[in-house]
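Below: the structure, in structure tokens.
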Amino acid sequence: MKNNYRFIDEFTRKGMLHIKIVRADIPRGSIASIETTNVSENILVYDADDIEGINRVVVLQEEMPLLSDGNINYEGEPILLIASEDPSLLETAERKLKISYETDFSLLAFQPASEDQIVDSAGLSRGNPSKAFEETNQIVEAEYRTTTESHVSRAPTGAYAEINDGRITVYTPTHWPFHVRSTVAEVLGIEQKEIRVIQTNPSPAYGEKVVYPSTLGAMAAAICYRTGKAARILLSPREVEKFTTRKAPVAVKSTSILNEEGKIIAHDIHMRFEVGAYSLFTKELLNRAVITSGSYYQVPNVSITAEAIRTSNPPMNLYRGLGVSQSLFATEVHFSRLAEFSQLNPGDWKKSHTKSKNIITGSHIPNMPLEKLLDTVIDQSDFYRKHSAYEQIRRRRNSVKASRRFLRGIGIATGFTGNGFTDKPNTQDNWGIKATLDKKDQLVIECGTMTVPEAIKTIWKRRAGEILGISPESVEIATGDTDTLPDSGPMMLGMPVTVYTSLVDRCCNYIRKQRFNKPLPIEVRRNIINARRTTWDPTTFKGVPFHNFSWGAVVTEVQLDPLTLVPEVRGIWAAFDCGLVYDTQYAVSIAEGSIYEALAWAMGEQKVTPRYYQDYVIEGQDQPNLRLPPVSVVFANRAKGLPGGINEIAESLVPAAFVTALSQATGVYFDRIPLTSETIQSYLEEPS
Amino acid sequence: MKIRFTLNGRAVEAQTSTSTRLVDMLHKDLQIKSLHPSCYDGQCGNCAVILNGELVFSCLLPAFAVQETSIYTYEGIVNTLEYNDIISGFHDEKAYPCAYCLPAKVVITQSILESTLDPTEQEILETFSGTYCPCTNFNNLARGVIRAGEYRRRRLHER
Chain A
1 MKNNYRFIDE FTRKGMLHIK IVRADIPRGS IASIETTNVS ENILVYDADD
51 IEGINRVVVL QEEMPLLSDG NINYEGEPIL LIASEDPSLL ETAERKLKIS
101 YETDFSLLAF QPASEDQIVD SAGLSRGNPS KAFEETNQIV EAEYRTTTES
151 HVSRAPTGAY AEINDGRITV YTPTHWPFHV RSTVAEVLGI EQKEIRVIQT
201 NPSPAYGEKV VYPSTLGAMA AAICYRTGKA ARILLSPREV EKFTTRKAPV
251 AVKSTSILNE EGKIIAHDIH MRFEVGAYSL FTKELLNRAV ITSGSYYQVP
301 NVSITAEAIR TSNPPMNLYR GLGVSQSLFA TEVHFSRLAE FSQLNPGDWK
351 KSHTKSKNII TGSHIPNMPL EKLLDTVIDQ SDFYRKHSAY EQIRRRRNSV
401 KASRRFLRGI GIATGFTGNG FTDKPNTQDN WGIKATLDKK DQLVIECGTM
451 TVPEAIKTIW KRRAGEILGI SPESVEIATG DTDTLPDSGP MMLGMPVTVY
501 TSLVDRCCNY IRKQRFNKPL PIEVRRNIIN ARRTTWDPTT FKGVPFHNFS
551 WGAVVTEVQL DPLTLVPEVR GIWAAFDCGL VYDTQYAVSI AEGSIYEALA
601 WAMGEQKVTP RYYQDYVIEG QDQPNLRLPP VSVVFANRAK GLPGGINEIA
651 ESLVPAAFVT ALSQATGVYF DRIPLTSETI QSYLEEPS
Chain B
689 MKIRFTLNGR AVEAQTSTST RLVDMLHKDL QIKSLHPSCY DGQCGNCAVI
739 LNGELVFSCL LPAFAVQETS IYTYEGIVNT LEYNDIISGF HDEKAYPCAY
789 CLPAKVVITQ SILESTLDPT EQEILETFSG TYCPCTNFNN LARGVIRAGE
839 YRRRRLHER
């Protein structure tokens with residue numbers, strides 16, 4: 001059945017029930033009563049008490065209720081499901097429902113937050129940071145913040161359930177079909193083998209398709225199971241944007257001690273992430289934030305802690321970047337500031353810290369690429385000359401407002417991101433993939449996670465072809481059906497390009513060895529779990545935390561209009577080492593796209609499209625200067641190793657480089673994103 | 689009310705009301721599934737159609753406004769040589785739109801190439817400025833459209 005490429009709104013059947021979620025009107029409190037007497041008899045009303053199994057969605061030891069258990073923890077929390085064959089009746093039915101609340105006015109805020117709101121924490125300590133801080137009074141201290149970011153994916157989000165041959169089949173655009181199956185089984189109180197999940201086209205996603213389809217799948221399945229009729233739930237674009245997921249805001253306090261040569265003696269980083277009313281993937285978010293903020297800088301005394309804070313907002317931590325883009329922003333802006341206090345060029349200062357072959361966890365990187373990447377972007381952007389020139393111009397200038405010219409600045413950021421989970425979560429299921437070579441030398445690779453992007457399919461086919469000596473055209477990749485495929489875990493954190501690619505290699509190498517010893521077909525399955533446990537200790541944060549790393553260096557040059565305070569990016573130069581790159585042109589295209597996305601986040605725009613560049617007119621031109629900021633992307637070491645993720649590293653470094661460039665342009669220390677002309681104005685008005 | 693117009697080269701008749709948007713009529717009543725009614729404010733571009741040779745976003749037009757007009761959608765382009773030009777251009781320049789926005793990107797490209805076979809990057813970005821999908825990098829897309837123009841020029845000259 002070729003349903004993988006249909007969208008969920010195309011699933012329909014005569015007599016199908018349409019489902020609507022009735023959501024809470026208040027941000028915190030409890031439900032006093034629900035009155036349904038005025039609701040038409042043609043409307044099915046389904047609440048938490050109707051759930052035959054367990055009312056929860058579980059993700060790696062964390063959970064949230066499917067429908068409110070009586071308590072309201074955020075505005076918009078699902079309370080009831082209403083269903084009808086005629087969707088036009090649902091709006092009226094919702095109005096006729098009377099839900100009374102006992103409102104709790106003590107909302108859980110992010111700033112300030114109490115200790116009770118800490119859901120989870122992670123951290124590491126090296127050397128003796130307390131002693132180092134006691135022995136000096138030359139301290140650089142700052143606080144950095146990022147706000148949330150929501151996605152604008154337009155493809156429909158929902159789920160469709162029907163009963164076929166006594167089993168429930170759920171269609172949904174998920175990136176984790178086996179999680180949908182386990183959630184539906186638990187909510188319905190039936191065995192997983194009674195459920196089949198088929199993935200529909202998820203389209204581009206930012207994290208909202210990892211867990212939320214499980215919630216919707218369980219809702220559709222619950223109504224279908226109760227009535228025996230096909231049932232479909234579709235979220236409105238507003239619901240998707242507000243209630244699925246968004247990027248977790250962060251507040252980072254960084255305190256550092258520098259010696260006379262500008263080296264960091266001690267460093268203390270304290271991060272607080274807002275995760276909303278329910279936290280999911282919290283441990284992974286915190287681990288990644290701690291590791292990437294520790295980065296490659298060799299500091300003898302360091303303390304890093306990260307905490308997840310529960311608030312009265314919708315859940316918001318599962319988003320592309322998962323803690324890394326936020327922590328790298330704070331780290332890199334802070335370290336550029338340290339370079340300035342040391343009166344060193346930030347390029348030189350960062351290069352002086354790339355001599356070590358280890359990262360903060362002690363993981364040894366034999367071919368540390370950062371110095372090379374820094375040299376590349378410094379050369380390409382003419383960083384030294386521009387930085388010195390802009391520095392001199394700024395020092396001669398009296399004030400931003402008095403300037404009659406564009407104010408220019410240039411900033412640099414470096415760092416790494418990791419591919420794959422830091423630790424395989426404790427789950428009964430092993431995540432893996434399966435490969436079978438048949439008698440006609442046809443190889444089938446089975447991955448239960450997703451509709452694999454074409455670029456990754458190409459990588460797998462080429463690698464399998466190279467290892468087995470067969471044509472890439474004779475490799476087939478099967479995805480997206482829980483009945484026939486192995487559980488491959490969720491599609492996130494660079495898993496497909498890195499982790500699954502290494503599993504494809506392992507499967508193919510096994511088949512190659514067995515090919516002339518065993519009769520065809522040869523079938524092999526390889527799981528993620530085995531090799532990982534020996535190399536990483538999550539309690540001490542020592543060892544190799546990721547399957548592999550993606551490294552990057554980015555320079556951003558900006559100019560600011562002194563009258564309008566609208567920043568404009570004059571150029572971005574980026575160099576990445578993401579391991580093996582088969583198709584450089586396509587890799588550059590992905591990196592550019594992520595850079596534009598990151599820029600939109602940093603500049604407070606909805607998303608960067610050419611539309612947002614129409615607003616300024618260059619003197620002497622009749623037409624608006626409609627263009628995207630010029631971006632140059634280079635990939636180093638692209639012929640070696642496993643491929644690594646590109647999106648995350650590309651979008652994690654740009655905001656820091658952008659903000660440090662604007663700081664140089666204006667002479668004002670910016671410490672948060674997004675930076676709009678209004679926020680720039682407020683910074684300029686603050687007493688220095 | 690009943691309206692008549694030409695859809696992908698065929699005369700059609702449809703029953704509609706004054707409050708129905710063109711995208712809804714095409715998608716729901718006439719089964720044009722390449723159109724995605726999603727934003728309803730001309731932001732996403734996923735409902736782009738060519739109306740009397742002009743590119744329009746069908747979520748912004750009332751259905752009755754298309755009386756006695758000619759409309760082309762992705763379905764009307766997909767089996768033509770023009771489509772091959774566009775897809776070849778996209779492929780050469782690594783512009784791989786997702787399944788959701790591909791129809792809109794094809795329709796918009798077709799509309800650009802109907803006005804000129806040698807579009808500038810500025811013209812392309814202007815035309816695409818009413819669309820958004822995170823799947824495709826605009827630089828690649830612009831190069832893909834230019835390359836598609838080259839394919840079409842070559843094909844027409846060879847004739």
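Note that the protein sequences, when read in sequence, are chains A and B. Take the first sequence: its position 164, counted from the start at 1, is 164 in this note's numbering, and no numbers get skipped. Numbers in this note's numbering are just positions in the second sequence, counted from 1, shifted up by 688. Ideal Cβ positions, reconstructed from N, Cα and C, are used throughout, including at glycine.
So, with DSSP's three-state summary, where would you put B/E838? helix
The alpha helix (DSSP H) enclosing A/M603, as first and last residue numbers: T584 to M603
Where the beta strand (DSSP E) containing B/K793 begins and where it ends: It is not in any beta strand (DSSP E) - B/K793 instead sits in the alpha helix (DSSP H) that spans L790 to S803.
Would B/K721 pass as an interface residue toward chain A - the criterion being a Cβ-Cβ separation below 8 Å? yes
For A/P643, collect the residues of the same chain with a Cβ closer than 8 Å to its Cβ; drop the 5 residues on either side in sequence, then sort them by chain order. I459, V497, T498, T501, C578, G579, L580, V581 and Y582
How many whole angstroms separate the CB atoms of A/I673 and A/V659, which I take to be in contact at a CB cut-off of 8 Å? 6 Å
Since I believe B/A830 is in contact with B/L801 (beta carbons under 8 Å), could you give me their beta-carbon distance rounded to a whole number of angstroms? In fact, because the Cβ distance is near 13 Å, the residues do not count as touching under 8 Å.
For A/M219 and A/I198, which I take to be in contact (beta-carbon distance under 8 Å), what is that distance rounded to the nearest angstrom? Not quite, the Cβ-Cβ distance comes to about 17 Å (not below 8 Å), so this is no contact.
Cβ closer than 8 Å: which chain A residues qualify as neighbours of B/S746? Within 8 Å Cβ-Cβ: nothing; B/S746 doesn't reach chain A, min ~15 Å.
Can you say whether A/K457 is buried or exposed, counting buried as having 16 or more other CB atoms within 10 angstroms of its CB? buried
Do you know how far the Cα of A/D537 is from the Cα of A/R310? 27 Å
Can you find a C-beta in chain A that's less than 8 Å from the C-beta of B/P822? yes
Give every residue of the same chain whose Cβ lies closer than 6 Å to the Cβ of A/N73, excluding the five residues on either side of it in the sequence, and list them in chain order. A277
B/R840 and B/D773 - do their beta-carbons sit closer together than 8 Å? yes
CB contact flag (A/R288, A/T146, <8 Å): no
What in chain A is Cβ-close to B/K782, meaning under 8 Å? D583, Q585, Y586 and S589
In the structure shown, what three-state DSSP assignment does A/P78 receive? strand
Please confirm whether A/P714 has its beta-carbon closer than 8 Å to some beta-carbon of chain B. Past the edges of chain A, shown from 1 to 688, lies residue 714 of chain A, and the structure says nothing about it.
Give, in chain order, every residue of the region 721 to 743 of chain B whose Cβ lies closer than 8 Å to some Cβ of chain A. K721, H724, S726, C727, C732 and N734
Just by C-beta distance, which residues in the region 774 to 800 of chain B are closer than 9 Å to chain A? E781, K782, A783, Y784, C786, A787, Y788 and C789
Buried or exposed: A/L407, going by 16 or more other Cβ atoms within 10 Å of its Cβ? buried
Are A/T157 and A/S214 touching if we call contact CB-CB under 8 Å? no
Taking C-beta pairs closer than 7 Å, name the residues in chain B that A/E454 reaches, listed in chain order. Y784
Going by other Cβ atoms of all chains shown within 10 Å of its Cβ, with 16 needed for buried, is A/M316 buried or exposed? buried
Identity of the residues DSSP links to B/F745 by a beta bridge: B/A736
Just tell me which of A/A230, A/E568, A/S121 and A/Y206 has its CA closest to the CA of A/E162. A/A230
Does the region 555 to 566 of chain A come close enough to the region 395 to 412 of chain A that 3 or more CB-CB pairs lie under 8 Å? yes
Partners in chain B for A/L628, counting only beta-carbon separations shorter than 7 Å: F826 and N827
CB contact flag (A/E143, A/A248, <8 Å): no
Can you check whether the C-beta of A/R154 is within less than 8 Å of a C-beta belonging to chain B? yes
So which of A/E685, A/L628 and A/N647 has the shortest CA-CA distance to B/N828? A/L628
Under DSSP, the beta strand (DSSP E) around A/D116 begins and ends at which residues? A/D116 -> no beta strand (DSSP E), and no H or E assigned at all.
Hey, how far is the Cα of A/N295 from the Cα of A/F281? In the sequence as presented, Asn is not what sits at residue 295 of chain A; that position holds Ser. Those two C-alpha atoms are separated by around 21 Å.
Taking 8 Å as the CB-CB limit, is A/F11 close to chain B? no
Along the chain, where does the beta strand (DSSP E) that runs through A/D577 open and close? P567 to D577
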